[in-house]
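Residue numbers (this note's numbering): 24 to 221. Everything on this sheet refers to the single structure shown next.
Shown next, in the form of structure tokens:
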């Protein structure tokens, strides 16, 4: 066999237009339909891949946020537990001493407010250890008659000011108790919040 028998002849015989047959039109329609099907399948595959990728991204972000959230509450709890002994020491040791020293200032405020309508002697009942400090403070700041007497049932942060028919009770211990309750409530709250976010 010669090489010419394997090769197609493109001579003048091939220049004549071929007659179109129905099978050519059917082949073209089949090719178009096949192309459209392939195109649709490609879009569906791409959309599915995008959805899968979006889902994986959302799941990754969700788990990362859960880790961050857990870490935040864990760190917050650690910091709060570190701060609590300091606050407890302030409420139990420092504030009682400060309040005992500030009782005099509070009594002077009460007396100054009541000074306009007072025509009788005022009596201040206080803890025995506060008597000397209050007598000195009253002598220096108040210009009307005041009697300071010791009352053993009162603490250094409590006093009663008798003004004629009425009286004013100063109880800085109650303020300290309110502060203790607020601290205990505050430190009890994170456990509830943690349970909500767990």
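Cβ atoms here follow ideal geometry from the backbone N, Cα and C, with glycine treated the same way.
Residue 165, DSSP secondary structure in three states: The residue you call residue 165 lines up with position 142 of the chain shown. DSSP places residue 165 in coil when its eight states are reduced to three.
Which listed residue (187, 122, 144, 170) has its alpha carbon closest to that of residue 193: One-based indexing of the chain shown puts residue 193 at position 170. If we check each option's Cα against that of residue 193, 122 comes out closest.
CB contact check: residue 123 to chain B, cutoff 8 Å: No chain B appears in this structure, which consists of one protein chain only.
Own chain, CB closer than 6 Å to residue 4, minus 5 neighbours either side, in chain order: With the chain covering 24 to 221 only, the question about residue 4 has no answer from this structure.
Residue from 111, 150, 151, 128 with nearest C-alpha to residue 207: For the purposes of this step, residue 207 is taken as the residue at position 184 of the chain shown. Each of 111, 150, 151, 128 was checked against the Cα of residue 207, and the nearest Cα belongs to 111.
For residue 2, the three-state DSSP class (helix, strand or coil): With the chain represented from 24 up to 221, any question about residue 2 goes unanswered, as that position is not in the structure.
Residue 64 (DSSP reduced to helix, strand or coil): Locating residue 64 in the chain shown gives position 41, where the first residue counts as 1. DSSP places residue 64 in helix when its eight states are reduced to three.
Supposed contact pair residue 127 and residue 88 - C-beta distance, whole angstroms, cut 8 Å: As a working mapping, residue 88 is identified with position 65 in the chain shown. As a working mapping, residue 127 is identified with position 104 in the chain shown. Wrong, their Cβ atoms sit about 55 Å apart, outside the cutoff.
Per-residue burial, residue 153 [other beta carbons within 10 Å of its own, 16 or more giving buried]: By one-based count along the chain shown, residue 153 stands at place 130. The residue in question, residue 153, is buried, as its Cβ has 16 or more Cβ neighbours within 10 Å.
Rounded Cβ spacing between residue 180 and residue 202 (contact assumed at less than 8 Å): Within the chain shown, numbered from 1, the residue matching residue 180 stands at position 157. Within the chain shown, numbered from 1, the residue matching residue 202 stands at position 179. With a Cβ gap of about 12 Å, residue 180 and residue 202 do not count as contacting.
Identity of the residue in 56, 102, 106, 151 nearest residue 176 by Cα: Translated into positions along the chain shown, residue 176 becomes position 153. With distances taken between CA atoms, residue 176 lies nearest to 151 out of 56, 102, 106, 151.
Limits of the beta strand (DSSP E) - the one that residue 184 falls within: By one-based count along the chain shown, residue 184 stands at place 161. First-last of the beta strand (DSSP E) with residue 184: 181 to 186.
7 Å CB neighbourhood of residue 178 in its chain, flanking five on each side removed: Numbered from its first residue, the chain shown carries residue 178 at position 155. If you ignore the 5 residues before and after residue 178, its C-beta comes within less than 7 Å of the C-beta of 150, 196, all in its own chain and listed in chain order.
Whole-angstrom distance between residue 144 and residue 167, CA atom to CA atom: One-based indexing of the chain shown puts residue 167 at position 144. One-based indexing of the chain shown puts residue 144 at position 121. Their Cα atoms are separated by approximately 8 Å.
Residue 91 burial status per 10 Å Cβ neighbour count (16 or more: buried): Translated into the one-based positions of the chain shown, residue 91 becomes position 68. Sixteen is the threshold: since fewer than 16 other Cβ atoms of the shown chains lie within 10 Å of the Cβ of residue 91, the residue is exposed.
Helix, strand or coil at residue 150 according to DSSP, with G and I counted as helix: Mapped onto the chain shown, residue 150 falls at position 127. Assigned with DSSP and collapsed to three states, residue 150 falls in coil, not helix or strand.
The beta strand (DSSP E) enclosing residue 193, as first and last residue numbers: Along the chain shown, one-based indexing puts residue 193 at 170. From DSSP, the beta strand (DSSP E) with residue 193 extends over 189 to 194.
Residue from 51, 76, 54, 156 with nearest C-alpha to residue 130: Translated into the one-based positions of the chain shown, residue 130 becomes position 107. In this structure, 156 is the residue among 51, 76, 54, 156 with its C-alpha nearest to the C-alpha of residue 130.
According to DSSP, residues forming a beta bridge with residue 173: Looking up residue 173 in the chain shown gives position 150. In DSSP, residue 173 forms a bridge with 149.
Whole alpha helix (DSSP H) elements within the segment 84 to 123, 4-residue minimum: None, since the segment 84 to 123 contains no complete alpha helix (DSSP H) of that length.
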